[in-house]
Structures are given as structure tokens and as C-alpha cells.
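Visitor:
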Amino acid sequence: MAERIDVTGEWQRISMRYASVESISTVIWWLIAGVGATVPIWLVNDGDMPWWGWLPLIAAILLIVIGVTFSFLRTRTIGYLQRDDDLLVRRGMLFRRFVAVPYGRMQVVDITQGPIERMFGLKTLKFVTAAATSAVTIPGMPGDTAEQLRDHLVAVSESRRAGL
1 MAERIDVTGE WQRISMRYAS VESISTVIWW LIAGVGATVP IWLVNDGDMP
51 WWGWLPLIAA ILLIVIGVTF SFLRTRTIGY LQRDDDLLVR RGMLFRRFVA
101 VPYGRMQVVD ITQGPIERMF GLKTLKFVTA AATSAVTIPG MPGDTAEQLR
151 DHLVAVSESR RAGL
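Once you know that position 140 of the sequence shown is 140 in UniProt numbering, the rest is easy, because the numbers rise by one and skip nothing.
#1: Use the C-beta contact count for Met141: other C-beta atoms within 10 angstroms, 16 or more gives buried, fewer gives exposed.
#2: So, are the CB atoms of Val99 and Val136 less than 7 Å apart?
#3: For Leu63, I'd like the list of residues in its chain whose CB is within less than 6 Å of its CB, leaving aside the five on either flank, ordered along the chain.
#4: Between Ser25, Thr26, Ser20 and Ile58, which lies nearest to Thr38 when the distance is taken from Cα to Cα?
#5: Provide the residue span of the beta strand (DSSP E) that contains Met119, from first to last.
#6: Under 8 Å by Cβ, that's how I've got Arg13 and Gly79 pegged, so tell me the actual separation to the nearest angstrom.
#7: Taking the alpha helix (DSSP H) that Leu73 falls in, what are its first and last residues?
#8: Within this structure, are the beta carbons of Ser71 and Ser15 separated by less than 7 Å?
#9: Check for me: the alpha helix (DSSP H) holding Leu81 runs from which residue to which?
#10: Name the residue from Gly53, Val35 and Gly34 whose alpha carbon lies nearest to the alpha carbon of Ile41.
#11: Start and end of the beta strand (DSSP E) containing Gly140?
#12: What's the gap between the Cα of Ile32 and the Cα of Thr26?
#13: Return the chain-ordered list of same chain residues with a C-beta closer than 8 Å to the C-beta of Val35, the five sequence neighbours on each side being excluded.
#14: Start and end of the beta strand (DSSP E) containing Ile14?
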């Protein structure tokens with residue numbers, strides 16, 4: 001019989017402001033795609049837009065509404081739990097993903113901040129381990145929280161590696 005993993009404890013959620021960051025990104029990219037597909041149709045028809053020429057822009061607006069809605073739902077699913085031996089990260093609405101990152105295996109704990117994240121005072125923590133495909137991120141963390149967690153994880157991971 002498989003051993004049950006202890007996931008009790010207080011899960012830390014990311015800031016709901018991250019949903020706004022994701023929403024702004026969604027709006028920007030789908031508007032670029034919608035306008036980018038609509039303008040050539042308008043230009044080819046010498047400024048006389050056929051009814052079907054608006055379809056790419058209408059589709060982009062529909063995808064914006066869906067994307068913004070899912071941004072808020074998706075943000076609620078992202079969280080992390082500090083356990084004795086590892087950091088457990090969860091995310092996903094339909095397909096849930098739980099990743100345990102052992103403290104002793106962390107090689108790099110990186111903080112990044114894009115321009116939209118900067119406007120909202122958020123940062124993204126990225127953990128890199130020895131495995132090439134094991135980069136795990138926790139987006140949408142308030143700046144002070146991200147820096148405190150990074151410093152804590154670096155200290156704990158160094159002490160765990162010392163025993164290897």
C-alpha cells in the first residue's frame with residue numbers, strides 16, 4: 001500500500017492582484033491578434049470592411065472575456081506549503097499539479113519581475129533543481145514576501161546540502 005503524503009499545514013496563497021496582471025496581459029495579446037488580423041482585411045478592401053472582416057476582432061474580444069474570467073479562477077488555485085523537508089507548490093483548475101521541491105536539491109532560487117508585475121508590486125519566484133525540466137515558479141507574490149521566502153529557502157537549502 002502506498003504511503004500517504006502529509007499535505008497538512010497552512011497553504012500560502014498568492015496575491016489576487018496577480019489575476020489583474022494576467023488579465024492585462026491577456027487583453028494586450030488578444031487585442032494585438034484581433035486588430036492584427038482585422039486591419040489587413042480592411043486594407044485589402046480599400047477601407048470598405050465586409051461583415052466577416054470583423055470576425056477576428058469579435059473572436060479576440062470573446063477570448064479576452066474568457067481569458068480574464070479564467071485568470072481570476074486560476075489565480076485562486078496557486079499556492080505553496082513549506083514542509084520540513086521540501087516546498088510543495090500547487091496550481092491548476094482542471095488539471096491539478098503538485099510539485100515537491102526538496103530543500104537540499106534547490107540550486108537556484110530566482111526572483112523575476114516584469115513591467116506589469118512591477119506596477120502591482122508583485123514578483124515571481126523560480127526554483128531550479130538539478131533536473132533540467134524541474135523549474136518551478138510561484139507567480140504573484142508580494143515583493144517582501146518573495147524576498148523573505150527566497151532568503152529562507154536559500155538558507156535552508158544550503159544547510160541541507162551541507163549534509164550531502
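For every residue, glycine included, the Cβ atom is placed at its ideal position computed from N, Cα and C.
Treat the numbers as computed from the prediction; the structure is a model and nothing was measured.
Guide: On the basis of the supplied data:
#1: The count along the sequence shown starts at 1 and reaches residue 141 at position 141. Result: buried.
#2: The residue you call residue 99 lines up with position 99 of the sequence shown. The residue you call residue 136 lines up with position 136 of the sequence shown. Result yes, Cβ atoms of Val99 and Val136 sit closer than 7 Å.
#3: Translated into positions along the sequence shown, residue 63 becomes position 63. Answer for Leu63: Trp30, listed in chain order.
#4: Looking up residue 38 in the sequence shown gives position 38. The residue with the shortest Cα to Cα distance from Thr38 is Ile58.
#5: Sequence index remark: in the sequence shown, residue 119 carries index 119 (1-based). Segment Pro115 to Phe120 is the alpha helix (DSSP H) holding Met119; no beta strand (DSSP E) there.
#6: In the sequence shown, counting from the first residue as 1, residue 13 sits at position 13. In the sequence shown, counting from the first residue as 1, residue 79 sits at position 79. With a Cβ gap of about 5 Å, Arg13 and Gly79 count as contacting.
#7: One-based indexing of the sequence shown puts residue 73 at position 73. Where Leu73 is concerned, the enclosing alpha helix (DSSP H) stretches over Leu55 to Thr75.
#8: Taking the sequence shown and counting its residues from 1, the one referred to as residue 71 is at position 71. Taking the sequence shown and counting its residues from 1, the one referred to as residue 15 is at position 15. No; because the gap between Cβ atoms is not below 7 Å, this pair is not in contact.
#9: As a position in the sequence shown, residue 81 is number 81, starting the count at 1. Not the alpha helix (DSSP H): Leu81 falls in the beta strand (DSSP E), residues Gly79 to Gln82.
#10: As a working note, residue 41 is residue 41 in the sequence shown. Nearest option by C-alpha distance: Gly53.
#11: For the purposes of this step, residue 140 is taken as the residue at position 140 of the sequence shown. Element bounds for Gly140: Val136 to Pro142.
#12: The sequence position of residue 32 within the sequence shown is 32, counting from 1. The sequence position of residue 26 within the sequence shown is 26, counting from 1. Computed Cα separation, rounded: 10 Å.
#13: The sequence position of residue 35 within the sequence shown is 35, counting from 1. Excluding positions up to five away in sequence, the list reads Leu57 and Ala60.
#14: Numbered from 1 along the sequence shown, position 14 holds the residue referred to as residue 14. No beta strand (DSSP E) holds Ile14; DSSP gives it neither H nor E.
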